[in-house]
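Here is the structure we will look at.
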Amino acid sequence: MTTIEKNSVGLIFEHSKRGRRGYRLPALDVPETDALPASLMRSEIADEVEVSEVDVIRHFTRLSKLNVSIDAGLYPLGSCTMKHNPRLNEEIARTPGFALSHPLQPDHQVQGNLSLLWHIEQTLMEIFGMPRVTLQPVAGAHGELTGILMVHKALAKSGNARKYILIPDSAHGTNPASAAFAGYQIKELKSNSRGTVDIDTLAAAVTEDVAALMITVPNTLGVFESDIKRFADILHEKGAYLYCDGANLNSFVGIARPGDMGIDVIHSNLHKTFSTPHGGGGPGAGPVGVSKKLVPFLPTPTVERREDGTFYLDHSHPDSIGRVRAFNGNFNVLVRALTYMRSMGPDGLRRIAQIAVLNANYIRARLRGSYHLPYDAPSLHEVVFSDKLQTAKDVHTLDIAKRLMDYGFHPPTIYFPLIVAGALMIEPTESEPKEELDAFCDAMIAIARECEERPELVRSAPHTTPVRRLDEARAARQPILRWKR
Amino acid sequence: MTPEDSRYAKSHEYVHPEAGDVAVIGITDYAQKELGDVVFVELPAVGTELELGDEFGSIESVKAVSELFSPVSGEVIEINEALNDKPELVNTDPYGDGWMMKMRLSIPEEVDELMTAEEYEEYVEKESGH
Amino acid sequence: MPLPDPLTDQHRYISNASQDVQEMLETIGVDSIDRLFETIPDDVKLKELLDIPGPWSEIESRRWFRALASTNKTAVDHLSFLGGGSYLHYQPACIDQLLLRAEFLTSYTPYQPEVSQGTLQSIFEYQTHQCLLTGLDVANASLYDGSTGLCEAVLLAERVVRNRKKVVIAKSVHPQYTETVRTYIQNLGYEIVEVGWTDDGRIDTAALREACTNEVFAVAVQSPNFLGVIEDYDAVAEIANAAGAVKIAVIAEATSLGILTPPGEHGFDIAVGEGQAWGIPTQYGGPFVGFMVVKDALKRHMPGRLVGETVDVDGRRAYVLTLATREQHIRRGKATSNICTNEALIALAANIYLSLMGKAGLREVGQQCVQKAAYLRNKLHNTASIELPFDGPVYNEFVVRTPFPAAQILADLEHEKILGGIPLGQFYDGHDNDFLVAVTELHTREHLDQFVSALTSAVSS
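Chains as they are written, first to last, in the working numbering: chain A, 1081 to 1565; chain B, 3 to 132; chain C, 115 to 575.
Written as structure tokens, this is what we have:
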């Protein structure tokens, strides 16, 4: 059982003491002049901190001990792919030639960077089975927006940008949010009893007013949309596009390729499938692969290779949707991902999917006696249970999640996807050894038994964490969003 | 429990007629229970003209947000400012201090089309019974 | 190449190997892993391995990547004066050490507050720092960067004002930021109106007044702007207020907030910008960290995550993600933004920087930047054939003009192992002989003299 320190760590502003310093700069070596008019200069920031380096190290070290992390144990968040973050990636990203390169340097000064970008695009092209990939988007949602903007432009170029994007009710919230940002209205598709997109429902919904279908493959239940090629045919027949949210790529990387399924545009999350660290919420990267039809609309610039083997940034894309971010995307996240791709190689990438799916199905097999499985369809790299068996004793998913913390585990994703009431969405990833999966299953089974025999213990959980059951209503009603003296 | 002197919409808003063609609108006890702790209520500006079924605002709990739909047509003549500081009044007293807005009805007959307290209670039983 | 046998294959990042695989298959009740993939149609299943390099050992990876990095010509072995929205500042050694702590590096979004107080509290502190620095009321946990931050600010302003379609953006806002805004709004029916600058490099207030009609929902200026010139916030605010437009201040050089009057003190509604200068390496453009700070009245329109203070069931002070109904996972198609993953770890790095530098350090960095830039400007001012075309007040960056194309001058400087600046002609027509020079606390007097000497040679040869 992982122990979490119970210390309450005061705010750094509360540790501040007049006169303390945490830094030193070399003395000013140029004459001091009245370089700036006084009217432009601010007074010293009264409430800013004065702390020593010791204070800072101690403070953040103590704070860190209040977190769980993947390094410490299983983090089974569904669709987040919390896999091991290899330390080699961190070392390579810190290579000074990469870290100190400046985004506006001319191409001839950064051939190492451009070569790296070209290589990662080539590798992703092969993984996706698609002719080109943009590396500019810096997160999955950013990639979604990029992809839908390309679809819009492609359709507008043929005369009609159309009005609607179809999105299943099981989709992640970023999908409709991104579609709305791109200027589309959303039509929600009801999932069928298998939890997948119903092909007849889809066929009826695809009119000449529909620009695209956005689906997650496999979906948020971990179920593969086996009819995907037929979906693509239906959409293409009406001149519409098939967008794939690649958050779940971990389940089929190296096993199958989105490009072969008729998918026109897919984003991947490098901070999921390709091991770049989650860092508490980023940074990420969301490269987007496109089919031939969409290539002209890629964000500008692209990285190109000349015949002599040198590389350059190509800004000459008249039909591009434009730039989706200043500079060149999250370059140093791309460095980490390419390091990982090379460490894995083609056999390693394939093994990721195989063992990710094996691990998830192992959990499914061990837990299905204790928890309700709302959808019977075979699932790949994640499995969704519900609290249906436990609600009879008035214990709910939230309580089960909190009780898991007492067993030393970060809970799985809860209450998502929305189509399952009381959803518990579990994705172990391929990194996890069998004994960790067993410890998790043992804990879940023990909790299921507690729900029967001592439900109040689960309802009042967690008992061993530094803080317990926060008053979230209070936080929203009377928002305190900063420290004030 | 459900006040007899009000009428109810399928989307769980109530209409409590007062003197003249004025009515008080809020959400029912069932609705507030389903929502959980209310943290924020977004209401229209005084003077807004609404038609039956128009979205007039939203109500938020910590983890969810629901649209509010006008059960009648008319003009918003007053809103409950107390909900700015104490949105929890919707939870503690939905038919009293947790009222949301007062409207001057433009088509008073619409009130008769809404469900009575008895009809609403049946409706809720069916909805939650599945 | 034949497909490997999952029973005998292994990899150092994938724990389970032959013994485990066999036991697990038994528990599941299938005889091979292939059976678990039956829902993937056969006609899309790959029959061969992907054609990509690897697997490499760490030894081979180090060789390949280091060789690649060594072909770059960077500040590693060149004297750099590059700015243009990404700056070379002092990076305290503590930052990386703390960032690599497993509990920060490998943790996830703090959706479960009981086991994420470290992340949540540090975000709360970072939000506080941003409020103190910008003089505004509510900051979010982070956005991707300055350019997308400006996009979010523009979209926020439109939501607040409604029924207007135009946004005025100064031409001296970072051109790549404006480009990004153009991409973001291309299907939403809004129009960007650009306003140029006058001789001193500041925004043309007469043109701004003319542009600020009652069709304009927001005005965005950058200070210091892309030319390095510090704008007159009050003049801009007065014009924007008269038009009822939201006032957006863009800050690309975050350390400038340590010494310049902040936008909050001039009545601006939104401060948005790039936090890279707060201890983050330039990394060819990313990962960086966008910030956004707004007036209290706008907080429910904010994109991004917000951490709030509350108590737990035992009355202990604790931190939690709040006002989440704004966000995509709840509001979906009507969310304030689609942002989910942001730049949390980079924000943590910036947070550590701000904590270490603190009240005195933030000011001292600002002071040194101002003084060293002034020293360089004075020397260049007195050098033949070198012109400083904009005489408005500057922080640490300014435009240099010579009688020759900037590309040529910079090539000469590159020969002297100096990365002398950023040519302006790629951003603005008619400025081919201009380039941007940035100075920071890392430059010594000798460095600055070296620059002057090299530039003098370049223009006289």
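Note that beta-carbon positions come from the ideal geometry of N, C-alpha and C, so glycine has one too.
Residues in the same chain with beta-carbon distance under 6 Å from residue i, minus the five sequence neighbours each way, listed in chain order, please.
i	result
R1385(A)	W1198 and F1391
H132(B)	Note on H132(B): pLDDT 45, under 50, position unreliable in the model; no value is reported.
T1493(A)	L1157, G1158 and M1505
L270(C)	H415
Going by alpha carbons, who is nearest to residue i out of the options?
i	options	result
E1340(A)	G143(C), K159(C) and G358(C)	What sits at residue 1340(A) in the sequence shown is Asp, not Glu. Per the Cα distances, K159(C).
K1599(A)	V1129(A), A1257(A), H1358(A) and G1090(A)	One cannot answer for residue 1599(A) here, as it falls past the ends of chain A, which runs 1081 to 1565.
R177(C)	P1117(A), G1342(A), T1226(A) and I1172(A)	I1172(A)
E69(B)	V43(B), A84(B) and E77(B)	V43(B)
R1405(A)	V295(C), G249(C) and Q205(C)	V295(C)
Y304(C)	Y222(C), A189(C), W311(C) and E329(C)	E329(C)
A385(C)	D191(C), G263(C), L234(C) and P395(C)	G263(C)
S1271(A)	N1240(A), S1371(A), S1423(A) and Y1455(A)	Y1455(A)
V484(C)	S1088(A), G1090(A) and L1116(A)	L1116(A)
E478(C)	A521(C), G232(C) and G372(C)	G372(C)
P1298(A)	E1507(A), R1557(A), L1517(A) and D1551(A)	E1507(A)
A1433(A)	D1109(A), V1089(A) and S1511(A)	S1511(A)
A449(C)	A1259(A), R1534(A) and G1319(A)	A1259(A)
L163(C)	I1245(A), L1517(A), E1515(A) and I1207(A)	I1207(A)
G1223(A)	Y298(C), P227(C) and S236(C)	Y298(C)
K1373(A)	L1447(A), D1344(A) and I1435(A)	D1344(A)
V1464(A)	T1477(A), A1556(A) and L1091(A)	T1477(A)
Checking the sheet assignment: what are the DSSP bridge partners for residue i?
i	result
I1506(A)	L1157(A) and V1463(A)
Y1244(A)	Q1265(A) and V1290(A)
W392(C)	Its beta-bridge partners do not exist; DSSP assigns none.
S1(B)	Look at the range of chain B in this structure, 3 to 132, and you will see that residue 1(B) is not part of it.
M117(B)	Y10(B)
N1299(A)	Paired residues: none, contrary to the question.
A432(C)	T424(C)
Do you know offhand how far residue i's Cα is from residue j's?
i	j	result
R1444(A)	N1328(A)	17 Å
R273(C)	R440(C)	13 Å
K187(C)	G1177(A)	8 Å
C326(C)	T1175(A)	48 Å
F1407(A)	P1183(A)	6 Å
T1083(A)	A1152(A)	Reliability of the predicted coordinates at T1083(A) is poor, the pLDDT of 41 falling under 50, and the value obtained from them is presented with this limitation in mind. Each residue's alpha carbon lies about 10 Å from the other.
H1452(A)	D1467(A)	7 Å
A11(B)	V24(B)	17 Å
A181(C)	R1554(A)	55 Å
Q290(C)	L341(C)	13 Å
L1235(A)	D1325(A)	20 Å
D546(C)	F518(C)	8 Å
D428(C)	V190(C)	53 Å
P377(C)	E530(C)	40 Å
L533(C)	I1137(A)	35 Å
Who are the Cβ neighbours of residue i in its own chain at under 8 Å, not counting the five residues just before and after it?
i	result
T1356(A)	N1165, N1169, L1350, P1363, G1364, A1365, V1413, R1416, A1417 and Y1420
T1226(A)	T1214, Q1216, P1217, H1347, G1366, V1368, P1379, I1401 and V1404
V252(C)	Q241, C245, V407, V408, K409, D410, L412, K413, M416 and L420
T1281(A)	L1269, K1270 and N1272
Output needed for residue i: all residues of its chain with C-beta closer than 7 Å, excluding positions within five of it in sequence on either side, in chain order.
i	result
A1519(A)	none
M1081(A)	Unreliable positioning characterises M1081(A) in this predicted model, as indicated by a pLDDT of 36, which lies under 50. A coordinate reading is not provided.
P167(C)	none
T1380(A)	H1395, H1397, S1400, G1402 and R1403
V144(C)	L150
I1099(A)	What sits at residue 1099(A) in the sequence shown is Gly, not Ile. Once the five neighbours on either side are set aside, the close Cβ partners of G1099(A) are E1130.
Y258(C)	G404, N456 and E457
L470(C)	P206 and C208
D505(C)	D314
*asked:* In chain order, what are the residue ranges of uninterrupted beta strand (DSSP E) at least 3 long that sit wholly in the region 327-354 of chain C?
replied: 330-336
_In chain order, each beta strand (DSSP E) run of at least 3 residues that lies wholly inside the region 1311-1375 of chain A_ = 1321-1326, 1345-1348 and 1368-1370
*Ranges of the beta strand (DSSP E) found wholly within the region 1184-1261 of chain A, counting only runs of at least 3*: 1212-1214 and 1244-1248
*Entirely within the region 227-253 of chain C and at least 4 residues each: give me those alpha helix (DSSP H) ranges in chain order.*
231-248
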